[in-house]
Structures are given as C-alpha cells and as structure tokens.
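Step one of this worksheet: look at the structure below.
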Amino acid sequence: MISRNRNGEIALSHLAPFEERVWLSSPTMHGEELQYVKEAYETNWMSTVGENIQCIEEEVCEKTGVKYGVALSAGTAALHLAVKLAGVKPGERVFCSDLTFFATVNPVVYEGGIPVFIDTEEDTWNMDPAALDRAFELYPDVKTVMLANLYGVPGKLEEIKKICHAHGAFLIEDAAESFGATYKGRQTGSFGDVGCISFNGNKIITGSSGGILLTDDRLMADRVRKWSTQSREQAPWYQHEELGYNYRMSNVIAGVVRGQLLHLQEHIDQKKAIYMRYKEGFKDLPVTMNPYDEKNSAPNFWLSCMLIDEAGMCRQVREDRQAHYTPEHGRSCPTEILEALAYFHAEGRPIWKPMHLQPIFRMNPFVARLGNEKAGTDAHGSGKAPDLGADIFSRGLCLPSDNKITPKQQDVIIEIIKRCFD
-18 MISRNRNGEI
-8 ALSHLAPFEE
2 RVWLSSPTMH
12 GEELQYVKEA
22 YETNWMSTVG
32 ENIQCIEEEV
42 CEKTGVKYGV
52 ALSAGTAALH
62 LAVKLAGVKP
72 GERVFCSDLT
82 FFATVNPVVY
92 EGGIPVFIDT
102 EEDTWNMDPA
112 ALDRAFELYP
122 DVKTVMLANL
132 YGVPGKLEEI
142 KKICHAHGAF
152 LIEDAAESFG
162 ATYKGRQTGS
172 FGDVGCISFN
182 GNKIITGSSG
192 GILLTDDRLM
202 ADRVRKWSTQ
212 SREQAPWYQH
222 EELGYNYRMS
232 NVIAGVVRGQ
242 LLHLQEHIDQ
252 KKAIYMRYKE
262 GFKDLPVTMN
272 PYDEKNSAPN
282 FWLSCMLIDE
292 AGMCRQVRED
302 RQAHYTPEHG
312 RSCPTEILEA
322 LAYFHAEGRP
332 IWKPMHLQPI
342 FRMNPFVARL
352 GNEKAGTDAH
362 GSGKAPDLGA
372 DIFSRGLCLP
382 SDNKITPKQQ
392 DVIIEIIKRC
402 FD
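Written out as structure tokens, the structure is:
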C-alpha cells in the first residue's frame, strides 16, 4: 500500500486519498440546535439576553456541580475575566501551564502579568505539581496559578489545588478542552477558584464560539456579569465606574450550545472509542497514546494523540516556522506522519508548542522539577534538558479525532502510520 523508495522516502501513490477530508475535530451537529436558534429568532431575543443563555448556565452548573455560571462570548473571555478576578496587576508573576494553547496564557498578559511557565509531568502531560512546588520556592510572592487540562485529560488537580491552598494562591482552571471529563468522580472546571470552559467550533460541545466562567462565589459571578456587559451601573442612565467589556454570550450562540449539551456523553463515548481503536491499532509500533490516570480520571478524549518512542524517531529538526527530517527505515517522526496524513486528506496536528519555546515568551521564566529556570541542563549536570513539554512536542502529534470518523477511515489512517515505520 505505502512503500519507500531507495532514498527511504514514503511512496504514497498506491493508496487513494479520502474522497472527503477527515478532520482533526469538527462540529458534530444533531438538529436540536436549530430548534433553539429558531426560538431565539421567533421570539426576537437575538441579543445577549434570553432563555437559551439562562438555560445553558443552569445546565452547565448542574453538570459540573458548580453554583454559578456566566455565559460569555469565548473561552478566552472567561479566562480574561478570571485573571481580573484574581486581581493580577501589571508586573505581577503568574504561574502558567507550559504545554497548552496560546489562549491559556494571553489573558495574563492582557492584564500586564508576567507568565512563569511550569513544566509538564509525564502521567497526564499537564502541569507538574513538583515543578509548581519548586516554583513557589523560587517565587514565593506569586498569588495566581493558571492550570490547563490538556486535550481533555484532567491534570493532577487535587495535588495542585493543595499546593495553591498552602501558598494562598488563586487557582484558575482552564477546562476549555476538558468539559465532561472527571477526576476522582468530580467534573473538571470545578477544582479552581474559577473554572473556564470553551464552546469553540472544534471542542467536544460547540456553539461555533462561546464559553462559560464557573465559580462557587456569587460575588465573583456578579462581577463577571457586570464586567461582561460593559460594566453598566444600576442607574437610570448609562453610568460606568470601572472598565467593562462586550463579552456576554449571544442568545443565538447559546441556542446552539443548548442543543449540543443533549449530546455531551454521546460525544465523549465516540471520542473514547476513537482513542481505544488507535491504541489497539498501534500496539505493535514504537509509540504510546497520550496518557491519563486510569484509576482516578475519566477524560473526555477530545483529541487522540500519540508519542513516538525515542528509539522509533528518525532525525527531525524544527525551526521556528518549518521542519526537516531524514527518512529512515523502521523509524518515523511527527513531521513525516503529518505529511503522509495530509497527502491522504486527513488532518493531524503537532502537539501544542510549549509556551516557553514561543518567540514571544522566550525571555520569560520557566521552572522544571529539576534544573535551572530555563531548559537546558538538569540538576545533575548531564546536559539533558529537563523540560518534558519540549520533548512531548518533539515526538508527539495529534491524530484525526473527529466524532464522524468511521472505523474504516480510522483503519486506513492506522495503516498509513504503520507504513511510515516500514
């Protein structure tokens, strides 16, 4: 099916590309969404108030076990207002997950904060509690932590929460990717002082956009409602005494989310089946799937990812905007696999590039459980970089994980990847 030429490069001409593109993770619509959008249209509630908004706030709170929810225009808007609730001031350091999407960190910078990146642990690919503990030794004045649950997998949430509590730090839980996932039977988004969920177009539940901020503190919820509607005061005219934002969710978008919420568990079950099919299909390859704590957590399996063993990696070099690799029999790399998938009209992606490696943040502090404040040398002087996130980025990739992928399509994708290692 797929073979290599004399130079070791994959010959792709013996297998036909998919007729329709297989996506990484696209919206999966059901029909109920249109019913609620039509309601908004017919009742003329087309603005940032209406029954759909109220319903999804109540339903998400009921699902997560959190008392108050404020529906907003994006997950990023929720994160931004969470940072404001934490009281982050210009020049103030904030501990942030390193292996995450850019949107996790941007709101810290919006408020003038300085992200300090905390390295990743290998059990879940999330913030390392040992590195966080060490970060508080280095920067004891820090009072805010921004934690992300990567690819739908809960981090070591109880350990991190305990560390934050010991240091009097405000914990923001970025559950944008992990809605519906649980840790020790408790829903993600409920562990932080504030939790944030995204309904972006590629998430497990989508409104095309939108997000929600969750908290058990009524005063914080009230402040977020006020800030998100331009901080209008209770007065007969438009009175403003503090900075406000146009961050409230539209009742139309809320209608889409409301219809989607009916299918959350269905989507999780579909995503889990995709993950398990990959895991079984790759059992003879030098790869592993993105890990999770099987005893204590139930991910939502938003994206299935794979990590190539060091012994299975061919030579790969990544620059800021491009990558190069040397084809090698019996080995492969993320760049080669992603190119092969793209040839067959299947969408994969690299793992998120760690924040401390991003050009905009290269001068920011970085803390690993061992080593200095920048990657490069471990505590024992071996010369091996201590940052696990950079290693996962180098050897990992996200696989096509769309709810609508068929077993037959997935079998072809598995075969394509197997041939990359021939």
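Throughout the sequence shown, residue numbering follows our numbering, covering -18 to 403 in sequence.
Note that beta-carbon positions come from the ideal geometry of N, C-alpha and C, so glycine has one too.
Item: In DSSP terms, what E154 is bridged to; Value: L128, G176
Item: Three-way DSSP call (helix, strand, coil) for I341 in this model; Value: helix
Item: Assigned exposure category for L332 - 16 Cβ within 10 Å defines buried; Value: A small fix is needed here, since residue 332 is Ile in this sequence, not Leu. Looking at its Cβ environment, which holds 16 or more other Cβ atoms inside 10 Å, I332 is buried.
Item: Own chain partners of E102 with C-beta closer than 6 Å, once the 5 adjacent residues on each side are dropped; Value: D109
Item: Proximal residues to P121 (C-beta, below 8 Å), its chain only, five neighbours per side dropped; Value: H148
Item: Close Cβ partners of V238 (< 7 Å) along its chain, the five nearest in sequence each way excluded; Value: I37, F180, I186, G188, G191
Item: Expected contact under 8 Å - CB spacing of R154 and Y132 to nearest Å; Value: The question names Arg, but residue 154 in the sequence shown is Glu. Not quite, the Cβ-Cβ distance comes to about 15 Å (not below 8 Å), so this is no contact.
Item: Rounded Cβ spacing between G93 and K70 (contact assumed at less than 8 Å); Value: 7 Å
Item: Any beta strand (DSSP E) of 3 or more consecutive residues that is wholly inside the region 71 to 128; Value: 74 to 78, 95 to 99
Item: Burial state of P280, where buried means 16 or more other Cβ atoms lie within 10 Å; Value: buried
Item: Uninterrupted beta strand (DSSP E) stretches inside the region 246 to 273 (no shorter than 3 residues); Value: 268 to 270
Item: For M201, the first and last residue of its enclosing alpha helix (DSSP H); Value: 199 to 209
Item: R213 - DSSP class collapsed to helix/strand/coil; Value: strand
Item: Inter-residue spacing [alpha-carbon to alpha-carbon] between A116 and I395; Value: 40 Å
Item: N384 burial status per 10 Å Cβ neighbour count (16 or more: buried); Value: buried
Item: Euclidean distance between Cα positions of R167 and Y91; Value: 31 Å
Item: DSSP three-state assignment for N181, whether helix, strand or coil; Value: strand
Item: Enclosing alpha helix (DSSP H) for H305 [first to last residue]; Value: Where H305 is concerned, there is no enclosing alpha helix (DSSP H), although the beta strand (DSSP E) it sits in stretches over 304 to 306.
Item: Candidates E40, T57, P96, K252, of which the one nearest P8 by Cα; Value: K252
Item: F347, DSSP secondary structure in three states; Value: strand
Item: Residues sharing a beta bridge with R330, DSSP; Value: C379
Item: P340 classed as buried or exposed, judged by whether at least 16 other C-beta atoms fall within 10 angstroms; Value: exposed
Item: Other residues of its chain near Q246: CB distance less than 8 Å, five sequence neighbours each side excluded; Value: G161
Item: Whole-Å CB distance - V51 paired with V205, under 8 Å assumed; Value: 5 Å
Item: Secondary structure of N281, DSSP reduced to three states; Value: coil
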